[in-house]
């Protein structure tokens, strides 16, 4: 006599497996971390690391004023410094005004950086730069990339303030509330 499962036993087993899957799959989908906070935190660390390296160079250390500000950085673009210290993929553009669509550079891990063509001046002891991840084709097609801050500012991205003494911070203005909330515990 051959031993085998009956059709009823197989159906009951499949039903139980289906119920277990129906319960666990939604839970597992919600446990995946969001991409933006991961990329934002990595981008902040990249900027901080590069700024430490820039501030440790001999040419910067020999030009510090009484308040600890790096005078060497005044009137100079950070873009070329960052390109020297980062592992970028493809070309870089430090000469023209940059945007998300036309960044200064993209790192090999897909983080886009723009706003680095700006220069420190006597009036401004900090500049604002931006970073964001490269979006997938599906995200680009959806048209939901931009997190509008107002009618005039529809670009995605996390704003980062870089002071010319090398300190890096996240602006606390209301217009950056969404992005700030993603890296609040940073």
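In the numbering used here, the protein residues as written are 4 to 189. C-beta atoms are modelled at their ideal positions from N, C-alpha and C, and glycine is treated no differently.
Three-state secondary structure (DSSP) at residue i?
i           : result
residue 132 : strand
residue 85  : helix
residue 23  : helix
residue 110 : strand
residue 122 : strand
residue 186 : coil
residue 173 : coil
If you follow the beta strand (DSSP E) that residue i is in, where does it begin and where does it stop?
i           : result
residue 165 : 161-166
residue 116 : 114-117
State the Cα-Cα distance for the pair residue i and residue j, rounded to the nearest angstrom.
i           : j           : result
residue 134 : residue 161 : 5 angstroms
residue 176 : residue 163 : 12 angstroms
residue 128 : residue 116 : 20 angstroms
residue 122 : residue 167 : 10 angstroms
residue 102 : residue 56  : 25 angstroms
residue 173 : residue 137 : 20 angstroms
residue 112 : residue 89  : 11 angstroms
residue 119 : residue 100 : 9 angstroms
residue 20  : residue 14  : 10 angstroms
residue 12  : residue 18  : 10 angstroms
residue 30  : residue 42  : 23 angstroms
residue 185 : residue 108 : 23 angstroms
residue 171 : residue 105 : 23 angstroms
residue 92  : residue 46  : 15 angstroms
Kindly confirm or deny that the stretch 82-95 and the stretch 40-53 touch, where touching means at least three C-beta pairs closer than 8 angstroms.
yes
Within 8 angstroms, do at least three Cβ pairs link the stretch 22-29 to the stretch 88-107?
no
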